[in-house]
Structures are given as C-alpha cells and as structure tokens.
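Below you'll find the structure, written out as structure tokens, and then a few comments.
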Amino acid sequence: MLSKCDINNIDHVGIAVKNIDRSIEFFTTVFGVPKPIVSVITDQQVKATLIAVGETRIELLEPTSPDSPVGKFLKNKGEGLHHLAFNVDSISDKLEVLKELNIDLIDQHPREGLSGTIAFIHPKSVFGVLTELVESDSSAD
Numbered sequence: 170m171l172s173k174c175d176i177n178n179i180d181h182v183g184i185a186v187k188n189i190d191r192s193i194e195f196f197t198t199v200f201g202v203p204k205p206i207v208s209v210i211t212d213q214q215v216k217a218t219l220i221a222v223g224e225t226r227i228e229l230l231e232p233t234s235p236d237s238p239v240g241k242f243l244k245n246k247g248e249g250l251h252h253l254a255f256n257v258d259s260i261s262d263k264l265e266v267l268k269e270l271n272i273d274l275i276d277q278h279p280r281e282g283l284s285g286t287i288a289f290i291h292p293k294s295v296f297g298v299l300t301e302l303v304e305s306d307s308s309a310d
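In this text, residue positions in the sequence shown follow our numbering: the first is 170, and each later residue adds one.
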C-alpha cells in the first residue's frame, strides 16, 4: 500500500512581480503589513521576500535575470500567482512518497530556499499549479 504526502498547512503563496519594491510598497500601504526584508537568492535568480499574513505568508518574487524561471514566467504569463507552497515534515521522505506515487518532480532532492528546505512538484502533476513543499527551518517564523 502506498503512503500519502501529508501536509501541515499552506506555508505561502508565491507571486511573481516585476518590481519587488513597488509590490512591497503596495502591501505595506494598502494592507498595513510590516515592511519585510528582501533577500537575493542567487541560485534561483530572484529577489524574494516573505510577508506574514496571519498563519500563512505571501512570497514576492522578482527575477534578477529574464532567463530565470521567474523571468520566463513573467514574460509568458505576466505578474500573478506563481506557486502554492505546503508545509511538510520530513521533506526527503515526502519526496520518496511522491516518487512512489509517480508524481512528476522538478526537484528530486530537497534544497535550501527562502522559507526553509524546499522541493518543487511539476505543475502538470497538480492541475497546472506549480507546487512547493517546505520543511521550515526551526528559526523560521
């Protein structure tokens, strides 16, 4: 019998943006969220930030290269919903379960990301939605 890939909660919703500073200004002005810190994630070719909204977060992603995955997304689809992220325990085990279930993975092995240890599932396996698994760092909010 196959296992399941149990999730804890929605960790964050990723939004691709053309200008992260303007996007942060929008969220701080319109919704009153505290101004977040922006990080550059070199291997993913993005500037990114996490904005806490209650129990979950919004991740804003601005490409640092037009040839990056987020850069290509913006070129093809424009600004908007980029991915949905689920918080999980034991991400390596979850990836093995997904492989066992013949789910198409972008990441065969977990890697470090802005919100903890991450891995992506191909959108064609999840109804057209790029899906991220996140195992939070113990120091993450």
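Note that CB positions come from ideal geometry on N, CA and C, so glycine has one too.
(request) Please determine, among 191, 252, 272, the residue with the shortest C-alpha to C-alpha distance to residue 180. (result) Here residue 180 refers to the residue found at position 11 when the sequence shown is read from its first residue. Measuring from the Cα of residue 180, the nearest candidate turns out to be 252.
(message) Measuring straight from C-alpha to C-alpha, what distance separates residue 200 and residue 269?
(response) Residue 200 sits at position 31 when you count from the first residue of the sequence shown. Residue 269 sits at position 100 when you count from the first residue of the sequence shown. Computed Cα separation, rounded: 42 Å.
(message) Measuring only the C-alpha atoms, how far is residue 309 from residue 285?
(response) Taking the first residue of the sequence shown as position 1, residue 309 is located at position 140. Taking the first residue of the sequence shown as position 1, residue 285 is located at position 116. Its pLDDT being 41, under 50, residue 309 is placed unreliably in this model, and the coordinates cannot settle the point.
(request) Measure the Cβ-Cβ separation of residue 216 and residue 222 and say whether it is below 8 Å. (result) Working through the sequence shown from its first residue, we reach residue 216 at position 47. Working through the sequence shown from its first residue, we reach residue 222 at position 53. No, these two residues do not count as a Cβ contact at 8 Å.
(request) Tell me whether the beta-carbon of residue 234 lies closer than 8 Å to the beta-carbon of residue 214. (result) On the sequence shown, position 65 is the one that residue 234 refers to. On the sequence shown, position 45 is the one that residue 214 refers to. Using a Cβ distance threshold of 8 Å, residue 234 and residue 214 count as a contacting pair.
(message) By DSSP's criteria, residue 289 is part of a beta bridge. Which residues make up the other side?
(response) If you number the sequence shown from 1, residue 289 lands on position 120. Residue pairing by DSSP places residue 289 opposite 301 in a beta bridge.
(request) Assign residue 218 to one of three DSSP states: helix, strand, or coil. (result) As a first step, residue 218 must be located in the sequence shown, where it is residue number 49. Strand, per DSSP.
(request) Mind checking which residues open and close the beta strand (DSSP E) that includes residue 281? (result) Numbered from 1 along the sequence shown, position 112 holds the residue referred to as residue 281. Its beta strand (DSSP E) spans residues 280 to 282.
(message) Tell me the residue span of the beta strand (DSSP E) that contains residue 178.
(response) As a working note, residue 178 is residue 9 in the sequence shown. Run containing residue 178: 178 to 185, per the beta strand (DSSP E) assignment.
(request) Hey, could you find the ends of the alpha helix (DSSP H) residue 196 is sitting in? (result) Along the sequence shown, read from residue 1 onward, the residue named residue 196 stands at position 27. Per DSSP, residue 196 belongs to the alpha helix (DSSP H) from 189 to 200.
(request) Assuming residue 174 contacts residue 267 (C-beta within less than 8 Å), just tell me the rounded distance between them. (result) Stepping through the sequence shown from its first residue, residue 174 is reached at position 5. Stepping through the sequence shown from its first residue, residue 267 is reached at position 98. 6 Å between Cβ atoms; contact.
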